[in-house]
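One structure is given below, encoded as structure tokens.
2 protein chains.
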Amino acid sequence: MSLEPLPGISTAEMVVQRIRDAILEGTLRPGDRLIEADIAAELGISRGPVREGIRLLAAEALVVLRRNRGAVVASPTFEDILEVYVVRKGLGSLALQHAISLDVATAPEFDDALVLLDRLRDPEVQGDPLLMMDADLAFQSALFDLSGLERITAVLDQTARDIPVFVRVLGITYDSVDHAALIERHDHLVEAIRTHHRDAALRAWDDHIRSTVGEFSRGYPDAQIERIFDLPLMHHILDYSSQP
Amino acid sequence: MSLEPLPGISTAEMVVQRIRDAILEGTLRPGDRLIEADIAAELGISRGPVREGIRLLAAEALVVLRRNRGAVVASPTFEDILEVYVVRKGLGSLALQHAISLDVATAPEFDDALVLLDRLRDPEVQGDPLLMMDADLAFQSALFDLSGLERITAVLDQTARDIPVFVRVLGITYDSVDHAALIERHDHLVEAIRTHHRDAALRAWDDHIRSTVGEFSRGYPDAQIERIFDLPLMHHILDYSSQP
DNA sequence: CTCTAGAAGATTGTCAACAATCTACGAAAG
DNA sequence: CTTTCGTAGATTGTTGACAATCTTCTAGAG
């Protein structure tokens, strides 16, 4: 279980991947302590890079740090994942508006996004919920990149990395997604960007967030659905922030 | 020039403060390299905490990291600071909406915000542009905290830490601010939150962003003001994202 | 029986030395 | 004169050991 020094990726980043994967596959669970020495030994490296990796994970909110008391795997709540979607709704709509105002439909990066969208049509991808989620988020990320707003895309990408982990940790099942409807919404979004229809694009984006969160909420096991729909955050997604 | 191990703050965080201060006072300038060994020697500590501090600064976009090639002080552009304000406009409006929907006006934290607002009326604070900026941002941060949205407030606080540095580095003069008008806008905002007037609050927030950016643009020495007002980001602040 | 004080162990924080990588300078070839 | 290559120096990446801090367990007082 040792790490090869792959080119193009630092040791600390490998630690990040390993720990994130361990959370995704259930080996590490919320509240588990991350002992630097143990992880270092298991990975066959020293504590330095492990420490650095843990700090990176803390910046992504996947672990929480306590001074002189180590790090533990974060315990996200359903409200946390809703907050992630509130952020994506808000910053995503900023990025999309900006991309449209830049007339990016002719840029080569636009085609990159289209290629990523096509991956969602691949039956093999559709067969694996996790693959589907990754592909979906990668497509969205490519769209946001069109804006050229690095700070905003950085935050969006961070939320995108968190989503699979949060979903896994919360025990949300992402299975019964209507793939055809999802792709259709994305097609609308792409078409709206291409034709400079700002309002249509924002509507498509809102639709997407709304359906995705609706899907999550239905698949959430802690079945107090009524309570969830009473959360202010849920109101946020359903109502007001779309028409201030 | 050595560091005392103050309680409640880690060595790495002291490194962050020192470097940030050095940028603010002009000792460190954009493009300057940050040599771990040099900084460690100057501060009388070892490279470990210095390294950690530099990574923290990189997460805040104040320095840029290049693999195996060290860190340099970031060279923000005028567009970068505009992007910061686009983020604050978007996420700030989300946080404020959320705070209002929570009926926070009765919470003790609301009074904390009021106290911070009063600091802006202090003549001594008004005398020092940097103090004024800090006090203003602290007040805004207290308002955002009312939302209880930790992820969103974390991003907002990060932008707040960047603003003084960006202003300094870009050579923006923040002198001719109309303090009375600034405070009046904030009073409107507070009153709107207290009385649950969501639209009034959002309008007050938009006003604030708009005036602040207008102020910045006027005080920007690279005097191509017309060009600045043609930037898509400026359109973003002036127009469309306020009424989708 | 419960609560507090203290010592032993576990774990993080820090350090200095070593290894790997990059940069800059200069010599040789074209 | 320009370009390429190679070496020396500078700097980052990594490591293992030590110091400081926290946690846990036990003994004793109440």
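One line per chain: the protein sequences are H and E, in this order.
Read the first sequence against the working numbering and you will find it ends at 249, with the numbers running on by one and no gaps.
Read the second sequence against the working numbering and you will find it ends at 249, with the numbers running on by one and no gaps.
Here a beta-carbon is modelled for each residue, glycine too, at the ideal position from N, C-alpha and C.
Is G224/H closer than 9 angstroms to I188/H when the C-beta atoms are compared?
Taking the first residue of the first sequence as position 1, residue 188/H is located at position 183. Taking the first residue of the first sequence as position 1, residue 224/H is located at position 219. For I188/H and G224/H, no; Cβs fall outside 9 angstroms.
Nearest-angstrom Cα distance between D139/H and D43/E?
The sequence position of residue 139/H within the first sequence is 134, counting from 1. The sequence position of residue 43/E within the second sequence is 38, counting from 1. Going from the Cα of D139/H to the Cα of D43/E covers about 42 angstroms.
From L87/E to D183/E, what distance separates their C-alpha atoms?
The residue labelled residue 87/E in the question sits at position 82 within the second sequence. The residue labelled residue 183/E in the question sits at position 178 within the second sequence. Taking the straight line joining both Cα atoms gives about 20 angstroms.
With a 10 Å radius around its C-beta and 16 neighbouring C-beta atoms as the bar for buried, classify A118/E as buried or exposed.
Along the second sequence, read from residue 1 onward, the residue named residue 118/E stands at position 113. Result: buried.
List the residues of chain H whose Cβ lies closer than 9 angstroms to the Cβ of L20/E, in chain order.
Here residue 20/E refers to the residue found at position 15 when the second sequence is read from its first residue. Per the sequence presented here, residue 20/E reads as Val, with Leu not at that position. Chain H residues near V20/E: none, gap ~13 angstroms exceeds 9 angstroms.
Which residue wins for smallest C-alpha separation from Q131/H, given the options D150/H, V172/H, Q163/H and A186/H?
As a first step, residue 131/H is located in the first sequence; it is residue number 126 there, counting from the start. For the residues D150/H, V172/H, Q163/H and A186/H, the minimum Cα distance to Q131/H belongs to A186/H.
Give me the residue from R215/H, R156/H and I28/H with the minimum Cα distance to D85/E.
Against the second sequence, residue 85/E aligns to sequence position 80. Taking only the C-alpha atoms, the option nearest D85/E is R156/H.
Let me know if R25/H comes out buried or exposed under the rule of 16 or more other beta-carbons within 10 Å of its beta-carbon.
Taking the first sequence and counting its residues from 1, one reaches residue 25/H at position 20. Under this definition R25/H is a buried residue.
So which residues on chain E does G58/H lean against when the C-beta distance must stay under 8 angstroms?
Against the first sequence, residue 58/H aligns to sequence position 53. Here the premise fails: no neighbours, minimum Cβ distance about 11 angstroms.
If distances are taken between C-alpha atoms only, which option among A205/E, Q145/E and R173/E comes closest to L96/E?
Walking along the second sequence from the start, residue 96/E turns up at place 91. Selected option, being the one with the closest Cα: Q145/E.
Is it right to say D150/H is buried, meaning 16 or more other beta carbons lie within 10 angstroms of its own, or is it exposed?
By one-based count along the first sequence, residue 150/H stands at place 145. Buried is the call here.
Straight-line Cα distance separating V55/H from M239/H:
Locating residue 239/H in the first sequence gives position 234, where the first residue counts as 1. Locating residue 55/H in the first sequence gives position 50, where the first residue counts as 1. Whole-angstrom Cα-Cα distance: 37 angstroms.
Using DSSP with H/G/I as helix, E/B as strand and the rest coil, what is V170/E?
Along the second sequence, read from residue 1 onward, the residue named residue 170/E stands at position 165. Three-state result, V170/E: helix.
Kindly say whether R72/H, judged by its beta-carbon, lies nearer than 9 angstroms to any beta-carbon of chain E.
The count along the first sequence starts at 1 and reaches residue 72/H at position 67. True, the Cβ-Cβ gap to chain E drops below 9 angstroms.
In the DSSP assignment, find the beta strand (DSSP E) that holds L70/H and state where it starts and stops.
Taking the first residue of the first sequence as 1, we reach residue 70/H at position 65. First-last of the beta strand (DSSP E) with L70/H: V68 to L70.
First and last residue of the beta strand (DSSP E) that includes A206/H?
Residue mapping note: residue 206/H aligns to position 201 of the first sequence, counting from 1. Counting along the chain, A206/H falls outside any beta strand (DSSP E), though it belongs to the alpha helix (DSSP H) covering R203 to R223.
Within this structure, are the beta carbons of L154/E and A100/E separated by less than 9 angstroms?
Against the second sequence, residue 154/E aligns to sequence position 149. Against the second sequence, residue 100/E aligns to sequence position 95. Yes, they are a contact pair.
So, does the CB of R215/H fall closer than 9 angstroms to a CB anywhere in chain E?
Start at 1 with the first residue of the first sequence, and residue 215/H comes out as number 210. No, its Cβ sits nowhere closer than 9 angstroms to a Cβ of chain E.
Quick check: the Cα distance between D212/H and F221/E, rounded to an integer number of angstroms?
Translated into the one-based positions of the first sequence, residue 212/H becomes position 207. Translated into the one-based positions of the second sequence, residue 221/E becomes position 216. Cα-Cα distance, rounded: 36 angstroms.
Quick one, which residues of the region 102-126 of chain H are near chain E if we go by CB-CB under 7 angstroms, in chain order?
Q102, H103, S106 and L107
Please list the residues of the region 132-158 of chain E that have a C-beta atom closer than 7 angstroms to any C-beta atom in chain H, keeping them in chain order.
L154, R156 and I157
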